Amino acid sequence: MEQILAERRDQVYYKGEEPFRMKCDRESLAGAVSQRACVFCGSRVVLYPIVDALHLVHGPVGCAVYTWDIRGALSSSGQLHRLSFSTDLQERDVIFGGEEKLAGALTELIDRYHPKAAFVYSTCIVGIIGDDLDAVCKRISQDAGIPVIPVKSEGFKGGKRDGYMAACAALRRLVGTGDPAGISPYSLNIMGDFNLAGEIWIIREYFEKMGIQVVANITGDGRVDDICRAHGAALNVVQCSGSTIYLAQDMEKEYGIPYLRVSYLGVEDMTESLYAVARFFRDPGIMERTKKLVHDELAILYPQLQQYRKALQGKKAAIYVGGAFKAFSLVKAFRMLDMEVVLVGSQTGKREDYLELKEITSDGTVIVDDSNPLELASFLQEKEVDVFVGGVKERPIAYKLGIPFCDHNHERKEALEGFVGMLNFTREIYSSVMSPVWQFVPGRKRVKS
Amino acid sequence: MPVKTARKYVSTVNACKLCTPMGACLALRGIEGAMPLLHGSQGCSTYMRRYIISHFNEPIDIASSSLGEKNAIYGGAENLKKGISNVITKYRPKLLGIATTCLTETIGDNVPMILKEYQKETGGEETKGREHPFIISVSTPSYAGTHMDGFHRTVRVAVEALAEEGEKSGRINLLPGFVSPADLRHLKEIMREFGLEYTLLPDISESLDAPILEDYCKIPKGGTPILDIREMGRAQASIEFGRTLNSLAPITAAEYLKIRFDVERYSLGLPIGIHETDRFFSVLEHLSGCSSPACYQMERGRLIDAYVDSHKYLFGKRAIIYGEEDLVVGLTSFLAETGIVPVLCASGGTSGRFEESIRAIGAGNLSVPPLVREGVDFYQIAEEAISLEPDILIGHSKGYPLARKLNIPLIRVGFPIHDRIGGQRILHLGYQGAQRLLDQIVNTVIEKKQSDSSVGYTYM
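In structure tokens form, the structure reads like this:
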């Protein structure tokens, strides 16, 4: 296809073609206008929702300012995570080093806000000018008496997934430092949920209704003290494509805590996730309560979904999201609405993720890795898509093509997880698809060369 | 007595500025057929796209040379060349603007040299059968200056690269700075009404506020035509907005045109409010040899009428104005005219000319001159705000947390507007812009009083 650069051809696969090929998990192609961000972004979004920690971005002002209040990660108390802290490095710091400024900024901010811990993110140039973050953090940690943790997130040192790893490495330094006394044998940590629009509260409530104690939210509405004693939990449930999987794997190795991969998006995955947790605990009471919970929730949800389903039946959907796991759930959620997914892609999927997508989509579906605006615009037209699900950067592409859009972004205000989330998701799709505004949009035409 | 300068801190909390390459990307979007390419790590372009999209609700494609670890060690030349080739292949831009980032400035990539190599190696091969794009490059290390420095520097670089010598025409160069698409449309209308031929650079009026068209445009339509930029060296005069210009850039675009092509330079403040707009119109009258078109005389008259209608609601109201230095200067001039008391003018910029510019616009109407703070963040602004007891905040969306904390209204102007629709359509300039701002401000003040009142009155 004309819009795909030669070097990217093997990152696009049409379901049905044999053999399956997908060259993913590689650096973005220069000049291709990838929708991906960087290592720093990966770390920042994972750690961001820890609400009682100080998040100091060590670098020039841009990295901090573009991530100021960037996520709709809600907090049940305290809003420290929503502030944007930067060392705002200047030319002179670049020449003479930024360690002194970093130490000064840390001391100043810790004195002012009394955080439970501080994360210090390194940005591109910190990796170049060679500031010794470890030494500064260690010194300040001793002085201030709180954990001060360097996050090695230089933007150029890989991709978003490397940022997840750096974030997990940072979290790893907290886990195991608290006292796990008094934690129930029926307990778990919620990992890979960021409490966008209060989603983790919905999920926590489900687990609590099942009779399971939630030890730590990692990281939505997260607390440093909870994370420190997370090693006392019996199970880790991990959502999101790998953002916290590295931590779960480490905790399994070190503390023997098993983990389950879960998803709270869509009825199918939500239900299966709850049952998987119930099965894990092998407790009849928990299983009983889980069945009742699912039954009660579905009894509320199904009748409400019907009216929307009728209107949406047969419509063609496109998905482009950060992580492939979210894409799996969305494919299933659309299936439940009798909608057909004709395009699905992710920024950071791995080969096995795309194989999974191949399994759950129908013939002709475009599966794409690390796509870009021109490709997406072209696929959307080729597939005559009726609704597109994506983040902030995908939205204007859809709108300019006159295609309804569902915001599945970090700053969303509607919870999309849980049973109630399925209803919100359906409503969001419905309210865009059924809007009268599209009648005024000139027809969907070809990309202009 | 308030202290002379803001308290200094080592840390920056909630910055009141953006980074330098951001300005370059915005300015490049205002050149017809131009495509920005950031030479740096992939995150920069993605973050900036997201930030810009959230204001304009328009696609904005910014390419990246997507440097990885190896490139950071051995240099980014190969990636930059590959990036250029790929952008040309896919977007077929008329102009490609390369802006550096803190990473590539720090590793010491010499972009002009890499570009020379690229031209030599490809010999136009990449663009066979197509129009060869102009490639310009601008140095925008994020650790020096703000987005406004990046913006103005990019404009200058474009002019330096493209403006040509030749027989003088009657054209006017209008260098507006970073203003909204609505402002630019209004400026163009004013130039047309005066019967003046002009080059407006940059011009994001269409490229960042586009209608939905039949076709999806790879590069949005609109922007200053390259041919018009070529004409700038032959123009009779340049009008350049921005009283605080001249900080980091050795010279401005209009200064360059003056030195290189002897194009007369008129340096004005952003035409916000009556005084500053009058200054702009008097220059236009001088250059066109015509008096102001009747429609603007009427607009001005209606504006004065509205000032009078509103004056009692506004007199003595205390305002804090923050944002880009030149925007703050213009707004301060306007607010002072209405009887509002600007108590604090704040910016993250550090042109060194902020305070003198505020004094020069004759906030002379004011019995107490405002505090002027440059190089501050929102933590410092908030710290001063509390004792200043403001009635109103004026600035972009990022002041909302402060407005909420103080329980006072925020009048949204400038960039970014991330929590409302239509930031691109906010009109600030000219009598019309002042009229719109005035109505909004006075009604906001009235509404606040009305909703705070225990009586649901229906007359003012």
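Chains as they are written, first to last, in the working numbering: chain R, 1 to 449; chain C, 450 to 909.
Glycine residues also receive a C-beta, built at the ideal position from the N, C-alpha and C atoms.
Only a predicted model underlies this, so the values are computations on that prediction, with no experimental measurement involved.
Residues that residue i contacts on chain R, provided the C-beta gap is smaller than 7 Å
i, result
"I533 of chain C", "G31"
"A490 of chain C", "Rather than Ala, the amino acid found at residue 490 of chain C in this sequence is Ser. Simply C38, C124, G155 and F156."
"P508 of chain C", "P373, P396, I397 and K400"
"K466 of chain C", "V61"
Spatial neighbours of residue i in its chain, beta-carbon cut-off 8 Å, leaving aside the 5 residues before and after
i, result
"E575 of chain C", "Because the pLDDT of E575 of chain C is 49, which lies under 50, any placement of that residue in the model is unreliable, and the number read from its coordinates should be weighed accordingly. The residues are I533, S534, I537 and T538."
"E748 of chain C", "G879, Y880, Q881 and Q884"
"S432 of chain R", "V387, P404, F405 and C406"
"V608 of chain C", "L650, I678, M681, A702, Y705 and L706"
"D901 of chain C", "none"
"N463 of chain C", "D826, F827, Y828, K847 and P850"
Beta strand (DSSP E) segment containing residue i, residue limits
i, result
"D369 of chain R", "V366 to D369"
"M191 of chain R", "S187 to D193"
"M484 of chain C", "A483 to H488"
"N528 of chain C", "From DSSP, N528 of chain C is part of no beta strand (DSSP E) but of the alpha helix (DSSP H) over A526 to Y540."
"N236 of chain R", "L235 to V238"
"I149 of chain R", "V148 to V151"
"G722 of chain C", "Looking at the DSSP string, G722 of chain C is not in any beta strand (DSSP E); the run it does join, the alpha helix (DSSP H), is G722 to S737."
"S586 of chain C", "F583 to V587"
"A317 of chain R", "K316 to V321"
Span of the alpha helix (DSSP H) around residue i
i, result
"I547 of chain C", "Segment L544 to T549 is the beta strand (DSSP E) holding I547 of chain C; no alpha helix (DSSP H) there."
"Q881 of chain C", "G879 to D901"
"C406 of chain R", "No alpha helix (DSSP H) holds C406 of chain R; the beta strand (DSSP E) holding it covers F405 to D407."
"E570 of chain C", "V560 to T571"
"T87 of chain R", "Neither: T87 of chain R is in no alpha helix (DSSP H) and is coded neither H nor E."
"Q381 of chain R", "P373 to E382"
"Y496 of chain C", "Q491 to F505"
Contacts around residue i, its chain only, beta-carbon distance under 6 Å, and the 5 residues preceding and following it disregarded
i, result
"I501 of chain C", "I509"
"C551 of chain C", "P590, S591 and Y592"
"C794 of chain C", "I770, V777, T781, I807, P819 and V821"
"G824 of chain C", "T799"
"L529 of chain C", "H488, S514 and I563"
"R683 of chain C", "G615, K617 and S618"
"L74 of chain R", "N195 and G198"
7 Å CB neighbourhood of residue i in its chain, flanking five on each side removed
i, result
"E100 of chain R", "none"
"G578 of chain C", "Because G578 of chain C sits at a pLDDT of 42, beneath the cut-off of 50, its placement in the model cannot be relied upon, and the point is left open."
"D179 of chain R", "R229"
"H867 of chain C", "S503, H504 and S846"
"L540 of chain C", "The question names Leu, but residue 540 of chain C is Tyr in the sequence shown. If we look at Y540 of chain C and ignore the five residues flanking it on each side, its Cβ neighbours are M484, K667 and I668."
"I721 of chain C", "G779, L780, S782, F783, H877, L878, G882 and A883"
Contacts that residue i makes with chain C (C-beta to C-beta distance below 9 Å)
i, result
"Q35 of chain R", "T495 and R498"
Proximal residues of chain C, C-beta to C-beta of residue i below 7 Å
i, result
"V441 of chain R", "I661"
"L5 of chain R", "N535, T538 and K539"
"E108 of chain R", "Y458, V459 and S460"
Per-residue contacts from residue i into chain R (C-beta, under 9 Å)
i, result
"I502 of chain C", "V392, K393, R395 and P396"
Under 8 Å by beta carbon: chain R residues contacting residue i
i, result
"L486 of chain C", "G31"
"M471 of chain C", "G62"
"G863 of chain C", "Neighbours of G863 of chain C on chain R: none; closest Cβ ~15 Å, over 8 Å."
"N528 of chain C", "A30"
Chain-ordered neighbours of residue i on chain C, where CB pairs are closer than 8 Å
i, result
"Y164 of chain R", "Simply none; closest approach about 14 Å."
"C41 of chain R", "G492, T495 and Y496"
Inside the segment 49-83 of chain R only - beta strand (DSSP E) runs reaching at least 3 residues: 53-58
Contact residues within the segment 129-158 of chain R, judged by C-beta distance below 9 Å to chain C: I129, E154, G155, F156, K157 and G158
In chain order, each alpha helix (DSSP H) run of at least 4 residues that lies wholly inside the segment 748-825 of chain C: Whole alpha helix (DSSP H) segments, 4+ residues: 774-787 and 803-809.
Where the segment 648-675 of chain C meets chain R: residues whose CB sits under 7 Å from a CB there: I661, L662, E663, D664, Y665, C666 and K667
Continuous beta strand (DSSP E) assignments of at least 3 residues falling wholly in the segment 632-716 of chain C: List check, beta strand (DSSP E) in window: 647-649 and 686-690.
Positions along the segment 88-99 of chain R whose CB lies within less than 8 Å of some CB in chain C: D88, L89, Q90, E91, D93 and V94
Chain-ordered residues of the segment 554-570 of chain C with a beta carbon less than 7 Å from chain R: T555 and I556
Against chain R: residues of the segment 633-649 of chain C by CB proximity under 8 Å: Under the 8 Å Cβ criterion, the segment 633-649 of chain C contributes no residue.
Proximal residues, the segment 179-212 of chain R versus chain C, C-beta separation under 7 Å: Cβ contacts with chain C come from no residue of the segment 179-212 of chain R.
Runs of alpha helix (DSSP H) lying entirely within the segment 260-296 of chain R, each at least 4 residues, in chain order: With a minimum length of 4 residues, the continuous alpha helix (DSSP H) runs that stay inside the segment 260-296 of chain R are 267-281.
Secondary structure, beta strand (DSSP E): runs of 3+ residues fully inside the segment 826-882 of chain C: 841-844 and 859-861
Chain-ordered residues of the segment 323-350 of chain R with a beta carbon less than 9 Å from chain C: none
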